[in-house]
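For the sequence shown, the UniProt record's numbering assigns the number 1 to the initial residue and increments by one for each residue that follows. From the three backbone atoms N, C-alpha and C, an ideal C-beta is built for every residue, glycine too. In what follows, a structure is listed as structure tokens, so that the remarks can point back to it.
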Amino acid sequence: MPIRQFVPPPAATPPAATPPVPARPDHLTSTGAAPDTDPVDRSSASAAHGSVQGKGRIGTAGTGRRRKARPQRTGRFRRPWIDYPRSAKTGVRRWVPSWRQTLGVFLFTMGTLAGVIGYAYSQSEIPDDLNDFATQQDNVYYWADGTVMGRTGQVNRQVTALDRVPEDVRWAVLAAENASFYSDSGVSPSGMFRAVSRMLTGGETQGGSTITQQYVKNAYLNQDQKLSRKVTEMFIAIKLDKKMSKDDILEGYLNTSWFGRGTYGIQRAAYAYYRKDVSELTVSEGAFLATLLKGAGMYDPHLSEANHRRAVERWEWVLDRMVEIGKLPRDERKKITEFPEPKKTPKPAGLDGQTGYLVETARAYVAAHTEIEPADFDLGGYQIRTTFEKPKVEALATSVKKVRDELQPEQREADRQLHIGAASVEADGRIVALYGGPDYVKQGFNDANASNVPAGTVFTPFVYAAGLQDGVLKERGADRTPVTPATLYDGADKAAVTTPEGPYWDRGGKIVRARNDDGKSWGKVSLHQAMVNSVNTPLMQLGMDVGLDRVRHVATAAGLLPSSFGEQVPALSLGTAKPSAIRMASAYGTFAARGTHTDPYSVTRLIRNGDAVSLRTPSGKRALRTDVAEAVDGALQDSVRSGAASAAGEAGPGAAGKAGTAQDRTSAWFAGYRDQLATAVSISRPDPKTHELLPLDGVGGDPTAKTGSGYPLAIWTDYLRSSAR
């Protein structure tokens, strides 16, 4: 066998260098055309490279597990710079950001916010000048003809040094507003967050500010509840806290804060509420003044019973808060049990006579029908054009004076404390005259706007109107039956009041009966005649037949306020409601206007620094059908021509009206109109201690109360005659 010669294999040649694989192969040019050379096969290159690297790498024989090669991405399907939605995920997970994306967005947002805040902070500077409150102006009120009626300088401020404010009083303020004042940086981040959240969600905007922030708002900015103002306030507060001492900031705050009653600063507030210097305030009085900082309009106890209740609760909280922060010993707190009742509001000078009542009425209208805050209004600079006509105001005051001159309060006790209120309102709603009392400076209580005098039978025209408009219900479940002025009713004195089920029993188990004047029985009488001759019993029964809820609805539509009504009982038809003279005159004007009612108003135009201020004025609305209003008007005119109100005929042709007396004789009225001018006059005699109304028996020297009951008619007649056009 031939011997084969062994030939060694040729030496292995090293593999050619593998070209580097690009991280993202791109075989397309920027325009999308293919390049001149073929792209390197990623999988082949990887395998070749792996064979050199050794065991366990891609391409080694017999070892490791071959990893599936990634599919090549073309230029058309490259992953975008921001991979969202995420291309490597499917379904809902494509839309869930990765942790890197989430972190990136968060850092970007925080960085941007920090930059914006930093820039805003650098641009916020402490103003060189104080706010406009330091250069306040008078508010000027004008008569309807444009002549000046009165001026009020309501802003009342006197700067006082901090060391004159007792330390207990200072801490009462800090306990109520900012207990951490001496340790904070001038702002409260958590408070600001709450305040901003409330603004953004439409909630209450007060709160969230430190003493420093409030001082910045009072002294340098304005009262706008806007986010931009809040942010500016915060930055200035931070800078101010670094520039001024805490005591200086507190002193400025106490001298610029609004405490109500037209006062800025704690010195004037001490006088307005307690008639004393600030240095004489007790801790209890200081706690009350601190209460006012939350909103004097809500916590001045003389404004309303609700205010008084809120003031006492807040006062107790301030004292307890002082104990909590260690600024009032607990045993001293236990000794403070009586609320420090403030004194009555001092009357501004220059508002004597009727002027003060007119200004008060106009100011109340501005407060209710504009967006002006009371504190801003007190800064002054407003020109208020009112509806009041000077000749009519003077004529009304003169007519009241004639009656007052007949009284003898020194000799007759019944003539003392007699209150007379009167108002004259055009059918289009303009209040042209009112009488609020003998002198605003002496008696601040406005009797023309009082709501404590029962209307008495001057209310019955609204019962008559309700019957004509809605009909009556004699049987439960049956249809309502129309009534007319000719419909007959029982006019017997002390006639029993009935319902579809039978007589109406009061809570004492007695049948309710109405009474006629002088105890006279009229037999069967038409509703028209009942109105003309002021027969009570038919109208009280008519109210029950119509439904007292419908009577209230008609009276409210005509102009009386829902709040003036008391309990819904049969006596409602004879005037248990307690409307003001202004509202009663306005409601009677609805009959003169043939069923159209316009709410009363006292301001026609408001200007500040030459610019008109938005003012809401009422418009007429249909309250009664025209035929109903005309029927009531006919009865009221006949009453003056030949009925119970014939003494008012001296007012002139076309006069219409109705006298009214409360069933317990505690009040007397006359309300009516001539042409389109409606006027209402009321008298009452409140007990000076209890404020409960006393009977008019003995007024004018007449034990039967007839003389006193006749005073409103005398005033009404004399006024209409003297103010004839």
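Span separating the alpha-carbon of residue i from that of residue j
i, j, result
"S642", "A656", "11 Å"
"K510", "T690", "29 Å"
"G652", "S563", "35 Å"
"Q568", "T576", "9 Å"
"E177", "P570", "51 Å"
"V463", "G543", "6 Å"
"R309", "T282", "21 Å"
"Q541", "R480", "15 Å"
"L527", "R674", "23 Å"
"V312", "K294", "13 Å"
"L720", "G589", "15 Å"
"G708", "V699", "5 Å"
"D611", "Q663", "52 Å"
"S580", "R268", "33 Å"
"K658", "F388", "25 Å"
"R321", "A161", "25 Å"
Residue j beta carbon less than 8 Å from that of residue i
i, j, result
"L694", "A668", "no"
"A635", "V532", "yes"
"M584", "A671", "yes"
"S639", "T361", "no"
"T487", "S534", "no"
"A455", "Y435", "no"
"L351", "Y440", "yes"
"R476", "P500", "yes"
"L473", "D545", "yes"
"G265", "R157", "yes"
"K621", "T661", "no"
"V483", "V497", "no"
"Q685", "Q417", "Checking the sequence, you will find Arg at residue 685 rather than Gln. Taking 8 Å as the Cβ cut-off, R685 and Q417 qualify as a contacting pair."
"A422", "L396", "yes"
"L358", "M149", "yes"
"A175", "V318", "yes"
"A629", "A587", "no"
"K343", "R261", "no"
Assigned secondary structure, residue i (DSSP; H/G/I helix, E/B strand, else coil)
i, result
"K392", "helix"
"R605", "strand"
"F259", "strand"
"N536", "helix"
"Y182", "coil"
"F445", "coil"
"I325", "coil"
"H553", "helix"
"H691", "coil"
"L615", "coil"
"H597", "strand"
Top-ranked residue by Cα proximity to residue i, from the options
i, options, result
"E371", "L615, D83, G286", "L615"
"F259", "G356, G297, S586, S424", "G297"
"K520", "T147, K494, R385, L539", "K494"
"D518", "T537, V425, R100", "T537"
"T666", "A557, S245, N452", "N452"
"K442", "L319, Q354, L289, A290", "Q354"
"S390", "Y141, Y273, A530", "Here residue 390 is Lys; the residue named in the question, Ser, does not match the sequence. Of Y141, Y273, A530, the residue nearest in Cα terms is Y141."
"N446", "H419, K578, W95, K89", "H419"
"S682", "A272, V403, G654, R164", "V403"
"K243", "T212, S257, T256", "T212"
Residue environment, residue i, which counts as buried when at least 16 other CB atoms sit within 10 Å
i, result
"E167", "exposed"
"V169", "buried"
"K55", "With a pLDDT of 44 at K55, under the threshold of 50, the predicted position of this residue should be treated as unreliable, though the coordinate-derived value follows. Under this definition K55 is an exposed residue."
"P600", "buried"
"D405", "exposed"
"L713", "buried"
"Y215", "buried"
"G32", "Note on G32: pLDDT 43, under 50, position unreliable in the model; the coordinate value appears next. G32 is exposed by the Cβ-count criterion."
"I249", "buried"
"D376", "buried"
"Y84", "exposed"
"G508", "exposed"
"L624", "buried"
"T626", "exposed"
"N218", "buried"
"F459", "buried"
"V92", "exposed"
8 Å Cβ cutoff, residue i in contact with chain B
i, result
"R330", "Judged by its chain identifiers, the structure shown contains no chain B, having just a single protein chain."
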